[in-house]
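For the sequence shown, the numbering used here assigns the number -11 to the initial residue and increments by one for each residue that follows.
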Amino acid sequence: MAEQEAKDVKTGTTTVGLIYDGGVVLAADKRASMGHIAYEEESEKIYRVNDIVAMTNAGNVGDSLTVIRFIRSQAKVYELERGEKMTARAASTLLSNVLGANRYYPFIVQFLVGGFNGKPGLFDVTPYGAVLERTNYAVSGSGTEPALTTLDLGYKKGMGEKEAINLAIRAVESGKRRDVFSGGVGVTVWVVDAKGVREVSKSAVERPAKESSQ
C-alpha cells in the first residue's frame, strides 16, 4: 500500500511548507498537467481554510477541490458550534478521517496544512489518511526530491520570515527545474502567523525567484 500511495501522489506539482520563527510559509508551483500535457500555467494550489489555517494540495485537481470545499465548510460549522476557529491540527485530523474513510476508493491527493495557534504548526496528510506532524519542513508532489534537497541544505531553526520565504521559493524553483510536471508562471507563497493568513505579494516573490533561477 505504501508503494501505491507514493505512486498516486506523484501526479504533478511541487508544494513546500516550512516553519520559521513566528509562523509557517507555504509555497507551490502553478502548473496543472493532464497526462503529459501542461494544461494550466497559473493554477492556484494554496487555499485558506480560515483565518489561522491554510493548506496546499498535490494530486488530482478535482479530488483536491472536493476535499478542500468540505474542509472549509466544516471549519465554518466548527467555529459556529464551538465559538473558536478550527486549528491546523484539527483540520488535519478531519482530513485524515475523510481520506481514511475513502481508502478503498481513494482521493488521489496529498495535503500540507499550516496554521498558527499560539505557535506555528505544520502537518503532512497522505492520500490514505496518515497525519505526519512536521517540526521543520515538508514537501509534496512529483518535485519532492529536488525541493527536499534544497530544504535539507538551506533550512535552519530560528530563521526569520523573509529568509524562510526565500528558501521556500528556492525549493519550489528547484522542483520546477528538475521535474517536468512542475512549472507554471512564478511561485505562489502564503504566510500563516499571529496576524493571520495572507498571500505574499507577487513583487516580493518575483525577485528571489528570479535570483534562484540564475
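Think of the CB as a built atom: it goes at the ideal place given N, C-alpha and C, for glycine as much as any other residue.
Proximity winner among the options, relative to residue i (alpha-carbon distances)
| i | options | result |
| --- | --- | --- |
| Tyr143 | Gly172, Thr1 and Ile7 | Ile7 |
| Thr137 | Thr123, Val180, Ala156 and Gly148 | Ala156 |
| Tyr125 | Asn105, Ala152 and Ala118 | Ala152 |
| Gly47 | Gly102, Thr54, Gly129 and Asn90 | Gly129 |
| Gly10 | Gly109, His24 and Asn45 | Gly109 |
| Phe99 | Asn105, Phe169, Leu14 and Ile25 | Leu14 |
| Val4 | Met22, Arg19 and Ile34 | Ile34 |
| Leu139 | Tyr116, Asp51 and Gly163 | Gly163 |
C-alpha distance - residue i paired with residue j, whole-angstrom precision
| i | j | result |
| --- | --- | --- |
| Glu69 | Asn38 | 15 Å |
| Gly148 | Lys64 | 31 Å |
| Ser191 | Gly174 | 11 Å |
| Gly103 | Gly171 | 26 Å |
| Lys150 | Glu32 | 22 Å |
| Lys141 | Val127 | Residue identity check: residue 141 is Leu in the sequence provided, not Lys. Approximately 14 Å between the Cα atoms of the pair. |
| Leu53 | Lys183 | 26 Å |
| Glu133 | Val168 | 13 Å |
| Ala(-10) | Val113 | Its pLDDT being 46, under 50, Ala(-10) is placed unreliably in this model, and the value from its coordinates should be taken loosely. Taking the straight line joining both Cα atoms gives about 14 Å. |
| Val(-3) | Asn45 | Because the pLDDT at Val(-3) is just 38, under 50, the model does not fix this residue reliably, and the point stays unresolved. |
Helix, strand or coil at residue i according to DSSP, with G and I counted as helix
| i | result |
| --- | --- |
| Arg186 | strand |
| Asp9 | coil |
| Thr137 | helix |
| Thr54 | helix |
Bounding residues of the beta strand (DSSP E) (the contiguous stretch that carries residue i)
| i | result |
| --- | --- |
| Arg19 | Neither: Arg19 is in no beta strand (DSSP E) and is coded neither H nor E. |
| Ile34 | Ile34 to Asn38 |
N-terminal and C-terminal residue of the alpha helix (DSSP H) that residue i is part of
| i | result |
| --- | --- |
| Asn48 | It is not in any alpha helix (DSSP H) - Asn48 carries neither H nor E in the DSSP assignment. |
| Val173 | Looking at the DSSP string, Val173 is not in any alpha helix (DSSP H), and its letter there is neither H nor E. |
What runs of the beta strand (DSSP E), each 3 residues or longer, lie entirely inside the region 62 to 135? 97 to 104, 108 to 113, 119 to 122 and 125 to 128
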